[in-house]
Amino acid sequence: MADFGVFDIIGPVMIGPSSSHTAGAARIGKIARDILGTDFNRVIFYLHGSFAKTYKGHGTDKALVAGILGMGPSDENLRNSLELAKAQGIGYEFIETDLGYHHPNTVKIVFKSLDKKDAYIIGSSIGGGNVLITNINGNNVEFTGDYPTLLIKYYDQKGIISKITATLANNDINIATMKVSREDNIATMVVETDSAIENKVVEEIKGLEDIIYIKGINPIVR
Amino acid sequence: MFNKAEELLRLCNEKNKRISEIVMEKEIRANKTSQEDLMDRMKNILQIMKESSKAALDKEIKSVSGLTGGDAKKLEEYRKSNETLSGDLIISAMAKALSTSEVNASMGKIVAAPTAGASGIIPSALLSAKEKLNLTDEQVIMGLFIAAGIGEIVAKNATVSGAEGGCQAECGTAAAMAAGAIVEMAGGSPEASFHAASFALVNILGLVCDPIGGLVEYPCALRNASGVVNALICADLALAGVKSLVPFDEVVDSMKRVGKMMPEALRETALGGLATTPTGEEIRRRLLN
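Protein chains in written order, with our numbering: chain A, 17 to 238; chain B, 9 to 297.
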């Protein structure tokens, strides 16, 4: 039996009309920005399932664009996001598609810039404003954005996991969940923690041998 | 701790406390927070509820799709200028519920209670009771804690999602939460709160979720309007001393079972009910193009 608190039931405070089509969509957009960065001038949203069918009427398009501009799900400017994007010189496009076997409310968000390779994430809005990020630039991942999260890629070697977890423990950070997967000899690790991860911890892990990439993101507000 | 109404009522009786107090105590213990912090957070929520239930009364708010809107204002004008059949309280309560629903459909700010689709019922019911009974904001805030406690019980033991249980799970739960809250706000006993909550759920047991075009608009707003009336009359029934033959926990369980028996076409998929009438289909075609 799942537990619920008072503010899970009377809440969240959100911009309508639908927690999965609006609040969840804004959070996926915000996570995309937090992971992929702000260095983009054009974004393409590939909409799957119910997102593809009802995105205009639900304002899912506006929520997604608001998210990639950095707005949270209760930001009242959310409904003006398309105009705000234009004012900032950011182009956007919505393409209805079939992303294969994915949750009905799924979007692939591709960030484009003049001088860098395309970057993308895939995320699903799974109800009540909850989301699940399942892929970043081709790497399968699984995290919710509810916790401080570390995304790490490294050359797979014995002992790296223990070095990373020791660094977290030494900095008094408790791990809530951890998932590791591997393709060829490159491993992808997603760590969700109970407390905030300061920049210096990220730098410390970055300094370890064989680390290719590390990114820390803050919880995405509801 | 409580998972069921029976347990919550037992705690009320053992400690000689009101439902709102027990719900707050549980929250304070579970989240290591203070009563002051809880009151502050709920005060903020009440403020957003006040704004959403008023915003569409004097100006027409249209939905993002353009399909609906403006009905809260119509009702409010009708209330002010006519001898109405159902009277000021009922008409005003329906107008407030429609207002929040219209704000929601226009991408305005609302409090999901327990969901966005049913977000009009609780603000309207509690604020209408406040006006009628001359209560303070503090009493309304305590009402919101009762509502949350009742909603928690439904969420734990059944569902508050239309995709799982149909409209009965969303608007039914919201009306049950509101009915129980206003009984305590009007001075009723904890038992009476749960009788009222039972009535509200019983009254729309089996109600399907069949939104036209898959949008949270029609019939959602209408069912928020009828939902608040449901809450008010059920509170009156309980305050008059009428008792629910079936206890709340069993009513919740029956709602869950009815939801499980409901075909998927009638659970928010827009594949049945009003959504697939010729008019519903025509609107869907128009919205998609």
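Where a beta carbon is used, it is the ideal one built from N, C-alpha and C, also for glycine. Every value quoted in this text rests on a predicted model; they were computed, and no experiment measured them.
Query: State the beta-bridge partners of phenylalanine 61 of chain A as determined by DSSP.; Result: A:Phe110 and A:Ile125
Query: For lysine 46 of chain A, count the other beta carbons within 10 Å of its own beta carbon; 16 or more makes it buried, fewer makes it exposed. Which is it?; Result: buried
Query: Am I right that isoleucine 99 of chain B and alanine 137 of chain B are in contact with their C-beta atoms under 8 Å? What's the rounded C-beta distance?; Result: Wrong, their Cβ atoms sit about 15 Å apart, outside the cutoff.
Query: For my contact list, valine 237 of chain A and isoleucine 53 of chain B are in at a C-beta cut-off of 8 Å; report their separation, rounded to the angstrom.; Result: That belief does not hold up - the Cβ atoms of valine 237 of chain A and isoleucine 53 of chain B are roughly 15 Å apart, past 8 Å.
Query: Quick one: does glutamate 160 of chain B have its CB under 8 Å from some CB of chain A?; Result: yes
Query: Output, in sequence order along the chain, the residues in the segment 31-43 of chain B whose CB is closer than 7 Å to any CB in chain A.; Result: Val31, Glu35, Ala38 and Asn39
Query: Between threonine 70 of chain A and chain B, is the shortest Cβ-Cβ distance under 8 Å, so that the two count as touching?; Result: yes
Query: Quick one: which chain A residues come within Cβ less than 8 Å of proline 122 of chain B?; Result: Ile25 and Ile26
Query: How would you label proline 271 of chain B, buried or exposed, when you count the other beta carbons within 10 angstroms and need 16 or more for buried?; Result: exposed
Query: Could you check the C-alpha separation between valine 210 of chain B and valine 260 of chain B for me, to the nearest Å?; Result: 9 Å
Query: Taking Cβ positions only, does alanine 107 of chain B come closer than 8 Å to chain A?; Result: Inspection of the sequence shows that residue 107 of chain B is occupied by serine rather than by alanine. Cβ-Cβ to chain A under 8 Å: no for serine 107 of chain B.
Query: Could you check which residue in A:Asp210, A:Lys231 and A:Ser211 has the C-alpha nearest to that of glutamate 220 of chain A?; Result: A:Lys231
Query: Looking at the secondary structure, which residues open and close the alpha helix (DSSP H) in which valine 237 of chain A lies?; Result: Neither: valine 237 of chain A is in no alpha helix (DSSP H) and is coded neither H nor E.
Query: Candidates B:Asn90, B:Met102, B:Asp96 and B:Glu59: which alpha carbon is nearest aspartate 79 of chain B's?; Result: B:Met102
Query: When the cut-off is 8 Å and only beta carbons count, does threonine 38 of chain A lie next to chain B?; Result: yes
Query: With 8 Å set as the bound, which would you pick, yes or no: does the beta-carbon of leucine 94 of chain A sit closer than that to a beta-carbon of chain B?; Result: yes
Query: Opposite asparagine 146 of chain A in the DSSP bridges: which residues?; Result: A:Gly143
Query: Indicate whether at least one CB of chain A lies closer than 8 Å to the CB of glycine 280 of chain B.; Result: no
Query: Alpha carbon to alpha carbon, what distance is there between glutamate 35 of chain B and aspartate 22 of chain A?; Result: The question names aspartate, but residue 22 of chain A in the sequence shown is valine. Straight-line Cα distance between these residues: approximately 7 Å.
Query: Hey, how far is the Cα of leucine 134 of chain B from the Cα of methionine 193 of chain B?; Result: 9 Å
Query: Out of curiosity, what's the CA-to-CA distance linking glycine 188 of chain B and glutamine 43 of chain B?; Result: 22 Å
Query: Across which residues does DSSP place lysine 169 of chain A in a beta bridge pair?; Result: A:Thr204 and A:Tyr229
Query: State the start and end residues of the unbroken alpha helix (DSSP H) segment that holds isoleucine 118 of chain B.; Result: Isoleucine 118 of chain B -> not in any alpha helix (DSSP H); beta strand (DSSP E) instead, spanning 117-119.
Query: Is serine 197 of chain A close to the ligand ADP? I mean its beta-carbon at under 7 Å from any heavy atom of the ligand.; Result: No copy of the ligand ADP appears in this structure; indeed no ligand is present at all.
Query: For a contact meaning CB atoms closer than 9 Å, what does valine 111 of chain B contact in chain A?; Result: Gly32
Query: Anything in the segment 254-285 of chain B with a Cβ closer than 8 Å to a Cβ of chain A? List those residues in chain order, please.; Result: none
Query: Between the segment 227-254 of chain B and chain A, which residues of the former have a C-beta closer than 8 Å to a C-beta of the latter?; Result: none
Query: Using the DSSP secondary-structure output, state which residues sit across from cysteine 217 of chain B in a beta bridge.; Result: B:Arg275
Query: Cβ of phenylalanine 20 of chain A less than 8 Å from any chain B Cβ?; Result: yes
Query: Could I get the ranges of all uninterrupted alpha helix (DSSP H) runs contained in the segment 85-143 of chain B, with 4 residues as the minimum, in chain order?; Result: 95-113 and 129-141
Query: Residues in the segment 72-97 of chain B with C-beta within 7 Å of chain A's C-beta atoms, listed in sequence order?; Result: Val72 and Ser73
Query: Restricting to Cα atoms, I'd like to know which of B:Gly222, B:Gln176, B:Ile220 and B:Arg231 is closest to isoleucine 206 of chain B.; Result: Reading off the sequence shown, one finds serine at residue 206 of chain B, where the question assumed isoleucine. Checked all of B:Gly222, B:Gln176, B:Ile220 and B:Arg231; the closest Cα to serine 206 of chain B is B:Gln176.
Query: Compile a chain-ordered list of the residues in the segment 48-79 of chain A whose CB is closer than 9 Å to at least one CB of chain B.; Result: Ser66, Lys69, Thr70, Lys72, Gly73, His74, Gly75, Lys78 and Ala79
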